[in-house]
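K.L.:
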Amino acid sequence: MPDHLTVLRDALARAVTAVCGQPPAAVEIVPPARPEHGDLATPVAMSMAKAAKRNPREIADGVAAALLADPATAGLVAGVEVAGPGFINLRMAPAWFAAVVDDALAAGPRYGAGGTAAPEPVLVEFVSVNPTGPLHVGHARQAALGDSVSRILAFAGDDVSREYYVNDYGRQMELFGESVAARYGQLYGLPTEVPEDGYQGDYVSDVARVMQVEVGDGHRERVSPPDDETLALFARRGGELMLDAILAELEVFRVHFDVVSHETPLHDDGVVAARLDELVAAGHAYEQDGALWFRSSAFGDEKDRVLRRANGATTYLAADVAYHLDKARRMGGRMIDVLGADHHGYIGRLKALVEAGGFDPDHLEVLIVQLVSLLEQGEARKMSKRAGTLVTMADLVRDIGVDAARFFLVERSSDTTLDLDLGLAREKSQENPVYYVQYAHARCCSILRKAADEGVERGDSPPPEALGDDERALIQRLADWPGVVTEAAARRAPHRVVAYLKDLARDFHGFYHRSQVVDAAPAERDLRLGLVEATRGVIACGLDLVAVEAPERM
RNA sequence: GCGCGAGUAGCUCAGUCGGAUAGAGCGCCGGUCUACGAAACCGGAGGUCGCAGGUUCGAAUCCUGCCUCGCGCGCCA
Numbered sequence: 000m001p002d003h004l005t006v007l008r009d010a011l012a013r014a015v016t017a018v019c020g021q022p023p024a025a026v027e028i029v030p031p032a033r034p035e036h037g038d039l040a041t042p043v044a045m046s047m048a049k050a051a052k053r054n055p056r057e058i059a060d061g062v063a064a065a066l067l068a069d070p071a072t073a074g075l076v077a078g079v080e081v082a083g084p085g086f087i088n089l090r091m092a093p094a095w096f097a098a099v100v101d102d103a104l105a106a107g108p109r110y111g112a113g114g115t116a117a118p119e120p121v122l123v124e125f126v127s128v129n130p131t132g133p134l135h136v137g138h139a140r141q142a143a144l145g146d147s148v149s150r151i152l153a154f155a156g157d158d159v160s161r162e163y164y165v166n167d168y169g170r171q172m173e174l175f176g177e178s179v180a181a182r183y184g185q186l187y188g189l190p191t192e193v194p195e196d197g198y199q200g201d202y203v204s205d206v207a208r209v210m211q212v213e214v215g216d217g218h219r220e221r222v223s224p225p226d227d228e229t230l231a232l233f234a235r236r237g238g239e240l241m242l243d244a245i246l247a248e249l250e251v252f253r254v255h256f257d258v259v260s261h262e263t264p265l266h267d268d269g270v271v272a273a274r275l276d277e278l279v280a281a282g283h284a285y286e287q288d289g290a291l292w293f294r295s296s297a298f299g300d301e302k303d304r305v306l307r308r309a310n311g312a313t314t315y316l317a318a319d320v321a322y323h324l325d326k327a328r329r330m331g332g333r334m335i336d337v338l339g340a341d342h343h344g345y346i347g348r349l350k351a352l353v354e355a356g357g358f359d360p361d362h363l364e365v366l367i368v369q370l371v372s373l374l375e376q377g378e379a380r381k382m383s384k385r386a387g388t389l390v391t392m393a394d395l396v397r398d399i400g401v402d403a404a405r406f407f408l409v410e411r412s413s414d415t416t417l418d419l420d421l422g423l424a425r426e427k428s429q430e431n432p433v434y435y436v437q438y439a440h441a442r443c444c445s446i447l448r449k450a451a452d453e454g455v456e457r458g459d460s461p462p463p464e465a466l467g468d469d470e471r472a473l474i475q476r477l478a479d480w481p482g483v484v485t486e487a488a489a490r491r492a493p494h495r496v497v498a499y500l501k502d503l504a505r506d507f508h509g510f511y512h513r514s515q516v517v518d519a520a521p522a523e524r525d526l527r528l529g530l531v532e533a534t535r536g537v538i539a540c541g542l543d544l545v546a547v548e549a550p551e552r553m
């Protein structure tokens, strides 16, 4: 059951086709620049003018006449006017506004869902940090983006799977193991020291203490000096504990992964070696200077890349060959990787390896998330990994709460650096847009509670003769929702949902101030009760798409 | 040097597969509670859309060049 904006768009497309003899590429319906231009406007006649080699005003006149004669929109369009260079301005009838509200109520929580034209399986991989340390605010932004994109794609109709890829292999894990072992030794007063380039953070001691509980003092004799077997144990178990902590934090952050895949088995089970052999056999890899190179330049990358070093160790890229080709095989659909800005130089390689593996490189999409800087009183908060002043995701959540963190981290387009004002985010009041939106939801609930308390139920009276400006604006905003979802999904842009919610909340607050609901005359009351319920539903739905709670009371 | 991203109001940013007089929040100035929540509403001031050309009925949006900022350019991950 298409929503009424779609009904109108289809009717306009039919009218254009009848007048021009060819269908329009798209029918854009926009709010008019000025209120006296009507309720809705479309520039479709002007965009058709070139293709049809006709005067835009002439087309517009024809479309206007055809639209008025279309039975599908009979009673919904109150007036059509051609203005300016060929804009078609529409004045909608009360029945149209009522129909929009009915659309939303009939669809319930599914209003706006399923708009993706060609749904497909999508695997969204994000966060994927080494289990050697806690998540910081940059990861929090990636988590918020990856999860919100997943929620939006799923709502729009795709079959989404969230995945975390654990780099639990290689030199960094060894260093982590050595660091944990050193801290473990220190618990027994041994002179063990964390390596210079190891992990110095306090959390390493926490991991060591947990391991002390698990393995007891059985290894105290084996960490000073350490033997390989012991280091391997500390690296493996330490990594597991760290990963558990990371995933638990992400659950608190309302991020749940459907699949957690590990790098180590790709090496141990020979998958990496097998993929490298295949690349060689296909002529996509070659030996030079004792190393094995991927001929990625043949697939558009800037230069060739090393897969296996002269010392025999495979690179991170080699594992990614195995991992991404495995993903491509499992999915048979689209892969989205969410990466930090410092990894953007990696995109060419990833696309190249997907193509070399026989898959369409366009099926891999890489979303780059720009940096986050935290502001305190307008001053940038200095963050340095070395100085230990890095703000972790846990710190952020403790400071401003999950709702504010999730909201602020996706409020801006992911390809612009984000300034997060902690003072504002912490503020539980007026200036804070999170509460502004949540408050609108609570107000809707408050009205509905009052109606229930007074035994007032929504009747089925016909729409009022005329609607107020606030009602028209709010209803039109609701009519936009399905389009907003589709757009946010197509562009992988949760910030569109957030921006919409702020607009919707503003329209609602304005309506609220000037319109009585429960105590209004029957015709108005029925429409407004439906409008409040529909608004409440869309706010709750939109907030859920960015994993922010919609409280009934605040 | 090359690549990617950004440059729009005092600040933070929307808007960018071309549409009418470029928007919001914050901040600033002023007004509104005996109504379903004032965590709200209403009004005002505030702009060479980085610069310069080009494309056309029409450019913040597309093209070219330049400037500034961030990030990246390893047989690291």
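Counted from 1, the first sequence has number 459 at position 460 by numbering that gives the first Met the number 0; the numbering is strictly sequential.
Backbone N, C-alpha and C fix where the C-beta goes; we use that ideal spot for every residue, glycine too.
I'd like to know if the region 154 to 161 and the region 429 to 445 are in contact, where contact means that at least 3 CB-CB pairs between them fall below 8 Å.
P.N.:
Contact between the region 154 to 161 and the region 429 to 445 is absent, because fewer than three Cβ pairs lie under 8 Å.
K.L.:
Can you check whether the CB of residue 112 is closer than 9 Å to the CB of residue 81?
P.N.:
Working through the first sequence from its first residue, we reach residue 81 at position 82. Working through the first sequence from its first residue, we reach residue 112 at position 113. Taking 9 Å as the Cβ cut-off, residue 81 and residue 112 do not qualify as a contacting pair.
K.L.:
Can you tell me which of 389, 104, 319, 289 puts its alpha carbon nearest to the alpha carbon of residue 309?
P.N.:
Sequence index remark: in the first sequence, residue 309 carries index 310 (1-based). It is 289 whose Cα lies nearest to the Cα of residue 309.
K.L.:
Give the DSSP-derived three-state secondary structure of residue 194 in the structure shown.
P.N.:
In the first sequence, residue 194 corresponds to position 195, counting from 1. Looking at residue 194 - three-state DSSP - the assignment turns out to be coil, as it is neither helix nor strand.
K.L.:
Does DSSP put residue 435 in a helix, in a strand, or in coil?
P.N.:
Numbered from its first residue, the first sequence carries residue 435 at position 436. In this structure, residue 435 counts as helix in the three-state DSSP scheme.
K.L.:
Between the C-alpha atoms of residue 394 and residue 521, what's the straight-line distance to the nearest angstrom?
P.N.:
Residue 394 sits at position 395 when you count from the first residue of the first sequence. Residue 521 sits at position 522 when you count from the first residue of the first sequence. Their backbone Cα atoms lie some 52 Å apart in a straight line.
K.L.:
Does residue 179 pass the burial test, meaning 16 or more other C-beta atoms within 10 Å, or should it be called exposed?
P.N.:
Along the first sequence, read from residue 1 onward, the residue named residue 179 stands at position 180. Buried: at least 16 other Cβ atoms inside 10 Å.
K.L.:
Less than 8 Å between the CB atoms is what I'm expecting for residue 355 and residue 298, so what's the real figure, rounded?
P.N.:
On the first sequence, position 356 is the one that residue 355 refers to. On the first sequence, position 299 is the one that residue 298 refers to. With a Cβ gap of about 6 Å, residue 355 and residue 298 count as contacting.
K.L.:
Roughly how far, in whole angstroms, is the beta-carbon of residue 30 from the beta-carbon of residue 465, given that I think they are within contact range, below 8 Å?
P.N.:
Sequence index remark: in the first sequence, residue 30 carries index 31 (1-based). Sequence index remark: in the first sequence, residue 465 carries index 466 (1-based). Not really, about 19 Å apart at Cβ, beyond 8 Å.
K.L.:
Could you tell me whether the Cβ atoms of residue 527 and residue 539 are closer together than 9 Å?
P.N.:
Your numbering for residue 527 matches position 528 in the first sequence. Your numbering for residue 539 matches position 540 in the first sequence. Going by C-beta atoms, residue 527 is not nearer than 9 Å to residue 539.
K.L.:
Go to residue 286, then tell me how far its beta strand (DSSP E) extends in each direction, as first and last residue.
P.N.:
Taking the first sequence and counting its residues from 1, one reaches residue 286 at position 287. Per DSSP, residue 286 belongs to the beta strand (DSSP E) from 284 to 287.
K.L.:
Starting from residue 160, trace the alpha helix (DSSP H) both ways and give me its first and last residue.
P.N.:
Counting from 1 along the first sequence, the entry for residue 160 is found at position 161. First-last for residue 160: 158 to 165, but that is the beta strand (DSSP E), not the alpha helix (DSSP H).
K.L.:
Could you name the residues that DSSP lists as bridge partners for residue 225?
P.N.:
Position 226 of the first sequence holds residue 225. According to DSSP, residue 225 bridges with 222.
K.L.:
So what does residue 91 bridge to, in DSSP terms?
P.N.:
The residue you call residue 91 lines up with position 92 of the first sequence. Paired residues: 76.
K.L.:
Is the beta carbon of residue 333 sitting closer than 9 Å to the one on residue 119?
P.N.:
In the first sequence, the residue the question calls residue 333 occupies position 334. In the first sequence, the residue the question calls residue 119 occupies position 120. Cβ distance < 9 Å, so residue 333 and residue 119 count as in contact.
K.L.:
Shortest alpha-carbon distance to residue 115 belongs to which of 537, 543, 489?
P.N.:
Locating residue 115 in the first sequence gives position 116, where the first residue counts as 1. Residue 489 is the option with its Cα nearest to residue 115.
K.L.:
Quickly, what does DSSP pair residue 121 with across the bridge? List them, please.
P.N.:
By one-based count along the first sequence, residue 121 stands at place 122. According to DSSP, which records beta bridges pairwise, residue 121 is partnered with 159, 333.
K.L.:
The alpha helix (DSSP H) that contains residue 508, what's its start and end?
P.N.:
Sequence index remark: in the first sequence, residue 508 carries index 509 (1-based). Element bounds for residue 508: 493 to 513.
K.L.:
So, at 7 Å on beta carbons, what are the nonlocal neighbours of residue 74 in its own chain, with the 5 sequence-adjacent residues on each side left out?
P.N.:
Against the first sequence, residue 74 aligns to sequence position 75. Cβ within range, chain order: 92, 94.
K.L.:
Distance check for residue 437 and residue 26, CA to CA, integer angstroms please.
P.N.:
Stepping through the first sequence from its first residue, residue 26 is reached at position 27. Stepping through the first sequence from its first residue, residue 437 is reached at position 438. Going from the Cα of residue 26 to the Cα of residue 437 covers about 33 Å.
K.L.:
Looking only at DSSP bridge pairs, what is residue 292 linked to?
P.N.:
Stepping through the first sequence from its first residue, residue 292 is reached at position 293. Residue 292 is bridged to 285, 305.
K.L.:
I'd like to check one pair, residue 495 with residue 483: are the Cβ atoms closer than 9 Å?
P.N.:
Residue mapping note: residue 483 aligns to position 484 of the first sequence, counting from 1. Residue mapping note: residue 495 aligns to position 496 of the first sequence, counting from 1. Cβ distance < 9 Å, so residue 483 and residue 495 count as in contact.
K.L.:
By a C-beta neighbour count over all protein chains shown, 10 Å radius and 16 as the cutoff for buried, is residue 278 buried or exposed?
P.N.:
The count along the first sequence starts at 1 and reaches residue 278 at position 279. Buried is the call here.
K.L.:
Output the distance between the C-alpha atoms of residue 369 and residue 346, rounded to the nearest integer angstrom.
P.N.:
Sequence index remark: in the first sequence, residue 369 carries index 370 (1-based). Sequence index remark: in the first sequence, residue 346 carries index 347 (1-based). C-alpha separation (whole angstroms): 15 Å.
K.L.:
Use the C-beta contact count for residue 88: other C-beta atoms within 10 angstroms, 16 or more gives buried, fewer gives exposed.
P.N.:
By 1-based counting over the first sequence, the position of residue 88 is 89. The residue in question, residue 88, is buried, as its Cβ has 16 or more Cβ neighbours within 10 Å.
K.L.:
If distances are taken between C-alpha atoms only, which option among 453, 396, 367, 454 comes closest to residue 412?
P.N.:
As a working mapping, residue 412 is identified with position 413 in the first sequence. If we check each option's Cα against that of residue 412, 367 comes out closest.
K.L.:
Thinking C-beta only, is residue 176 closer than 9 Å to residue 238?
P.N.:
For this step, residue 238 is matched to residue 239 along the first sequence. For this step, residue 176 is matched to residue 177 along the first sequence. Yes, the pair counts as a contact, with Cβ atoms nearer than the cut-off.
K.L.:
Only counting the same chain, and skipping five residues up and downstream in sequence, which positions put a Cβ closer than 6 Å to that of residue 61?
P.N.:
The residue you call residue 61 lines up with position 62 of the first sequence. Here the set comprises 18.
K.L.:
What residue range is occupied by the uninterrupted alpha helix (DSSP H) comprising residue 528?
P.N.:
Walking along the first sequence from the start, residue 528 turns up at place 529. Start and end: 521 to 544.
K.L.:
What residue range does the beta strand (DSSP E) around residue 40 cover?
P.N.:
For the purposes of this step, residue 40 is taken as the residue at position 41 of the first sequence. Note, residue 40: beta strand (DSSP E), 39 to 41.
K.L.:
Which same chain residues, not among the five before or five after residue 42, have their C-beta less than 7 Å away from its C-beta?
P.N.:
To locate residue 42, count along the first sequence from 1; it is residue 43. The answer, listed in chain order, is 27, 86.
K.L.:
Considering only the beta carbon of each residue, do residue 442 and residue 147 sit closer than 9 Å?
P.N.:
Counting from 1 along the first sequence, the entry for residue 442 is found at position 443. Counting from 1 along the first sequence, the entry for residue 147 is found at position 148. No, they are not a contact pair.
K.L.:
In this structure, what does DSSP give as the bridge partners for residue 418?
P.N.:
As a first step, residue 418 must be located in the first sequence, where it is residue number 419. 372.
K.L.:
Do three or more CB pairs link the region 247 to 263 to the region 163 to 172 at distances below 8 Å?
P.N.:
Yes, the region 247 to 263 touches the region 163 to 172.
K.L.:
On the CB-based measure, 16 or more other CB atoms within 10 Å of its CB, does residue 512 come out buried or exposed?
P.N.:
Within the first sequence, the letter at position 513 stands for residue 512. Flag for residue 512 reads exposed.
K.L.:
Please state whether DSSP places residue 447 in a helix, a strand or coil.
P.N.:
Taking the first residue of the first sequence as 1, we reach residue 447 at position 448. Looking at residue 447 - three-state DSSP - the assignment turns out to be helix.
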